[in-house]
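Student:
In our numbering, the protein residues as written are 4 to 630.
(1) Please state the DSSP three-state secondary structure of residue 230.
(2) Quick one: what's got a C-beta closer than 8 angstroms to residue 224's C-beta in the same chain, skipping five residues either side?
(3) Which whole-angstrom value describes the C-beta separation of residue 216 and residue 154, a residue pair presumed to lie in contact below a C-beta threshold of 8 angstroms?
(4) Helix, strand or coil for residue 309 per DSSP?
(5) Compare the beta carbon distance of residue 254 and residue 310 with 8 angstroms and say whether it is the shorter of the two.
(6) Comparing alpha-carbon positions, which option in 487, 132, 212 and 176 lies nearest residue 26?
(7) Look at the alpha carbon of residue 50 and the alpha carbon of residue 367, and state the distance between them as a whole number of angstroms.
(8) Can you give me the start and stop residues for the alpha helix (DSSP H) that residue 35 sits inside?
(9) Less than 8 angstroms between the CB atoms is what I'm expecting for residue 100 and residue 125, so what's the real figure, rounded?
(10) Which class does residue 278 belong to by DSSP, given the choice of helix, strand or coil?
(11) Just checking my contact of residue 569 with residue 595 at CB under 8 angstroms: how many whole Å lie between their CB atoms?
(12) Residues in the same chain with beta-carbon distance under 7 angstroms from residue 434, minus the five sequence neighbours each way, listed in chain order, please.
(13) Considering residue 334, what are the terminal residues of the alpha helix (DSSP H) in which it resides?
(14) Report the residue from 123, 408 and 139 whose alpha carbon sits nearest the alpha carbon of residue 276.
(15) Looking at residue 526: is its Cβ nearer than 8 angstroms to the Cβ of residue 451?
(16) Report the residue from 177, 74 and 317 whose alpha carbon sits nearest the alpha carbon of residue 261.
(17) Beta carbon of residue 481, beta carbon of residue 446: below 8 angstroms?
(18) So the beta strand (DSSP E) residue 413 belongs to, where does it begin and stop?
(19) Nearest-angstrom Cα distance between residue 67 and residue 115?
(20) Between 269, 343, 563 and 130, which has its C-alpha nearest residue 93's C-alpha?
(21) Looking at C-alpha atoms only, which residue of 624, 117, 83 and 74 is the closest neighbour of residue 406?
(22) Determine, using beta-carbon pairs with one atom in the stretch 454-470 and one in the stretch 518-535, whether at least three such pairs fall under 8 angstroms.
(23) For residue 630 and residue 440, which I take to be in contact (beta-carbon distance under 8 angstroms), what is that distance rounded to the nearest angstrom?
(24) Between residue 516 and residue 606, which are expected to be in contact by the criterion C-beta below 8 angstroms, what is the C-beta distance as a whole number of angstroms?
(25) So does the stretch 12-29 actually touch the stretch 372-383, counting three or more Cβ pairs closer than 8 angstroms?
(26) Among all the DSSP beta bridges, which residues are the ones paired with residue 603?
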């Protein structure tokens, strides 16, 4: 539970969504890692206990994982009316490697398992007992939250609805459940009401992101399936391999035996497993839209239930044939013990070694220790973002607020040579520092056994822009049709921000000059910072571009300073101070480039696509000599 955060897509979820704001979480779905209800819980835990508290971040999944075990036990009692089967099901679920994994990983799959089995439990109660109103609320709430956690769980609800239809309209199955025609009408009405409530609540909750969600589904590399038949065949195998890992695959025959639990076959019980498993696959076959095997983990509780029933059924059958040679129930518990041994073997031999990570706390403390509050930090590998993010964020904000840069620190694995580190610029990826650094003067600071920090600049920088740059700058049209206006309504730093607006027909590029002439005596780092508010995620929010004129033997030579954004994906969001208007969330960015010795004059360009508008604030420009 307390291992370093970041593995198994935790990194993407936390950086893209978990560390942002609740309003942002519920209104953005540009990446499928946003399991919205779970992400909101993670955001709450991070706010209460700290973003780096792994126990707190994973606490929601643990709670739902443990609660799911109890519901599995109750469902086994409801489904098989056997205390022994329920106890074995509880044991099997408790030591299942997949259940253990997702109960201690900050993703939404533990919630998916809990909500799915809870829905099945209350569905059985609604069918078999009176006072349907009593089960309406839990069914509606769990149905909605299951889909609000993972949208793909809609296929589970469709499969369950198909099972309801069979049970309520096939006389033999109605008799099996003890449902008369009079009772059927009442239960159908309550089930329809439940479905309507779930559908309306889901549409309402997802309405801010519905279009973006569809775009994400179409572009997600494992969501859109071209060859449906092959995909379904692959899923059939993958789902079983996911739940029955390693040697546990040999216990699948007991799952089949569990279908025949009892004195005679209970067809409604058999159909429950078959419809929940096959209807979602049929939807994939027809629509071509599928997901990872983990999206189908709503099968896990049912597999556990029928596996436990299979153990009991096999034990009872063998008990009858061994007579007094073996004590009653010993065979059942012998099979269960064998499963437990193999399952724990997978957990301790395969699973736990695979998730081991070094203690991140020394790395986190040393990042803060070796950097001053006005150092810009560049992290070469996104896997190292999480435990340096707070220092990176506070430093960048202080650099902008104070308009002061003390230095530039580079964090990388020990094996990385910074001269070979490439930066993505408008001209492609280039080794920005190649041949410019004096390696003898670079003294790497050890962050932990595998990572280092290098200070690659001097300690004195030039701040080329005033702190109130947005307020005093004058912008001219370079190309297209539009305007740059100064805004008092939405401001992050200072008194005004800049809003660039393009006409509906043309893109718009505007430019402003940087006051003064700058003499660069040694190869120097260029640092550009800005905050941006993009109103349409489908369109590009362009980075500011730095251009200039260089005095080349008495002749002014125009140039574009190649800069590249650093720490891409760290996703530093800041909420502006509430005012009279809607409160906006801004992304804080920084880019770097290199200047060679010379005398320069500079301009800053900003761009906007046709019919779009973008807000800029926190524009800062620094020059600092390389070591």
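We put the CB at the ideal spot given by N, CA and C, even for glycine.
Tutor: Answer, in terms of the structure:
(1) Low per-residue confidence applies at residue 230: pLDDT is 47, beneath 50, and the placement is therefore not dependable enough to give any value.
(2) Because the pLDDT of residue 224 is 46, which lies under 50, any placement of that residue in the model is unreliable, and the number read from its coordinates should be weighed accordingly. Answer for residue 224: no residue qualifies.
(3) 7 angstroms
(4) helix
(5) A contact, by the Cβ cut-off of 8 angstroms.
(6) 212
(7) 19 angstroms
(8) Taken as a continuous stretch (DSSP letters only), residue 35 belongs to no alpha helix (DSSP H), as it is neither H nor E.
(9) 28 angstroms between Cβ atoms; not a contact.
(10) helix
(11) Right, their Cβ atoms sit about 6 angstroms apart.
(12) 422, 423, 424 and 425
(13) Here the alpha helix (DSSP H) through residue 334 covers 333-348.
(14) 123
(15) no
(16) 317
(17) no
(18) 410-416
(19) 9 angstroms
(20) 343
(21) Check the Cα spacing between residue 406 and each of 624, 117, 83 and 74: the tightest is with 624.
(22) yes
(23) 6 angstroms
(24) 5 angstroms between Cβ atoms; contact.
(25) no
(26) Under the DSSP definition of a beta bridge, residue 603 partners with 521 and 553.
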